[in-house]
Amino acid sequence: MKIMVKAPAKINLTLDVLHKRTDGYHEVEMIMTTVDLADRIELEPLPKDEIKIISHNRFVPDDSRNLAYQAARLLKEKYSIRSGVAISIEKIIPVAAGLAGGSSDAAATLKGLNQLWDLGLSLDELAEIGSKIGSDVSFCVYGGTALARGRGEKVKRLPAPPNCWVVLAKPTIGVSTAEVYKNLKIDGIRHPNTEAMIHAIETKDYDKMCSHLGNVLESVTLRTYPEVAQIKEQMERFGADAVLMSGSGPTVFGLMQHDSRMNRVYNGLRGFCDQVYAVRLLGEGNPID
Ligand code: ATP
Numbered sequence: 001m002k003i004m005v006k007a008p009a010k011i012n013l014t015l016d017v018l019h020k021r022t023d024g025y026h027e028v029e030m031i032m033t034t035v036d037l038a039d040r041i042e043l044e045p046l047p048k049d050e051i052k053i054i055s056h057n058r059f060v061p062d063d064s065r066n067l068a069y070q071a072a073r074l075l076k077e078k079y080s081i082r083s084g085v086a087i088s089i090e091k092i093i094p095v096a097a098g099l100a101g102g103s104s105d106a107a108a109t110l111k112g113l114n115q116l117w118d119l120g121l122s123l124d125e126l127a128e129i130g131s132k133i134g135s136d137v138s139f140c141v142y143g144g145t146a147l148a149r150g151r152g153e154k155v156k157r158l159p160a161p162p163n164c165w166v167v168l169a170k171p172t173i174g175v176s177t178a179e180v181y182k183n184l185k186i187d188g189i190r191h192p193n194t195e196a197m198i199h200a201i202e203t204k205d206y207d208k209m210c211s212h213l214g215n216v217l218e219s220v221t222l223r224t225y226p227e228v229a230q231i232k233e234q235m236e237r238f239g240a241d242a243v244l245m246s247g248s249g250p251t252v253f254g255l256m257q258h259d260s261r262m263n264r265v266y267n268g269l270r271g272f273c274d275q276v277y278a279v280r281l282l283g284e285g286n287p288i289d
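So this is what it looks like as structure tokens:
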């Protein structure tokens, strides 16, 4: 029996950093939502007791550094599973892009193995296990739209935002999330209004959602990588309704409601950037079990 699971990318509608904690992590508050750009994970049982990662992308590790590997190892250890699994990752989401590709692969692996190994775990239990792998894994287990707090592992689900087009553009640089957080100066940053964004989502107010996009990490990444700032400017010039960097970058996304604008932004950006995608918001996540 083979199991296929989709692992969608996320974008940040908001990303705020409240303070640095005594354990070295930053206390964050962010609203994330999944988009229709997804890796495909295939899980196949192996007779031998091993975890095998199959990926044809040179930027994706095929050993225990892979977050999908870590997901399988955690479940194997916790539930004393003696059989093995081959995890094939068809990588569609750009790597080290601020789109949580690795975290989503880990979450999809948790959900798929829950089925394959008949563990009967709830989404809450899978999210709790996921938080041990990385801060964004819990959110990715639920998918859809949510407010994430703490290190990102405290997830409160939100309704679907007003639907729209999302054009994603990733410059060829990769950004290290750890470096960006290290260079963030919290004093004097402009915080996004998270409450106002939640209200915009709940009332399905597209214009308000656009006006409340905000990401404090832009202050670091845009300064370090001028090409990210340039892509933001281009997206605005081609007519996106609102533009923001996702996560720690370097991917920039633009929102638009009308097909004609989406086409203009998409075609315009392709002249500047190799990796450009036009996708929809997924809106709803996994049903609550
Ligand atoms: P986030 O938005 O959560 O910070 P990201 O989109 O910036 O994540 P990823 O694509 O998850 O970053 O990759 C970051 C690094 O993680 C990569 O450089 C890679 O070495 C490692 N990695 C581990 N597992 C995976 C995976 N399944 N897919 C992609 N990268 C992975």
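Residue numbers 1 to 289, in full-length UniProt numbering, belong to the letters of the sequence shown in order.
C-beta: ideal position from N, C-alpha, C; glycine also.
Annotation: G143 to M235 spans about 26 angstroms, alpha carbon to alpha carbon. When the alpha-carbon of A242 is set against those of A107, E77, R261, the nearest one is in R261.
Set against 8 angstroms, the gap from the CB of K154 to the closest heavy atom of the ligand ATP is not smaller. Residue pairing by DSSP puts E44 in a beta bridge opposite A86.
Out of G24, F59, L43, the CA that lies nearest to the CA of K52 is found in L43. Between the region 194-212 and the region 149-168, the count of Cβ pairs shorter than 8 angstroms is three or higher; the stretches touch.
Less than 9 angstroms divides the Cβ of A68 from the Cβ of I89. Annotation: H19 is outside any alpha helix (DSSP H); the continuous beta strand (DSSP E) that includes it extends over 3-20. With a cutoff of 8 angstroms, P94 counts as near the ligand ATP, since its C-beta is closer than that to a heavy atom of the ligand. The C-alpha of S55 lies about 43 angstroms from the C-alpha of G188. Contact between E27 and H19 holds: their C-beta atoms lie close to 5 angstroms from each other, under 8 angstroms.
Less than 9 angstroms separates the beta-carbon of S246 from that of A97. Only residues of its own chain outside the window of five on either side were considered, and among them G84 have a CB closer than 7 angstroms to the CB of E50, listed in chain order.
Judged by their CB atoms, N183 and G214 are not nearer to each other than the 9 angstroms cut-off. Scanning the UniProt domain "GHMP kinase C-terminal" (197-273) for uninterrupted alpha helix (DSSP H) segments of 4 residues or longer gives 206-211, 218-224, 226-237, 259-270, listed from N- to C-terminal end.
The Cβ atoms of A100 and M32 lie closer than 9 angstroms to each other. With 16 or more other Cβ atoms from the protein chains shown falling within 10 Å of its own Cβ, L217 counts as buried.
In the structure shown, the three-state DSSP call for D49 is coil. By the neighbour-count criterion, in which 16 or more other beta carbons inside 10 Å mark a residue as buried, K132 falls on the exposed side. Between F272 and G254, the gap from beta carbon to beta carbon reaches 9 angstroms or more. Taking non-hydrogen atoms of the ligand ATP into account, the C-beta of R58 is found less than 8 angstroms away from none of them. DSSP places G112 in the uninterrupted alpha helix (DSSP H) bounded by 101-116.
Unbroken beta strand (DSSP E) runs of no fewer than 3 residues, entirely contained in the region 115-163, are found at 145-150, 154-158, following chain order.
Between L110 and I87, the C-beta spacing is not below 9 angstroms.
When DSSP states are grouped into helix, strand and coil, R73 belongs to the helix group.
Between the alpha carbons of T224 and T172 lies a gap of roughly 14 angstroms. Boundaries of the alpha helix (DSSP H) harbouring A178: 177-182, taken from the DSSP string.
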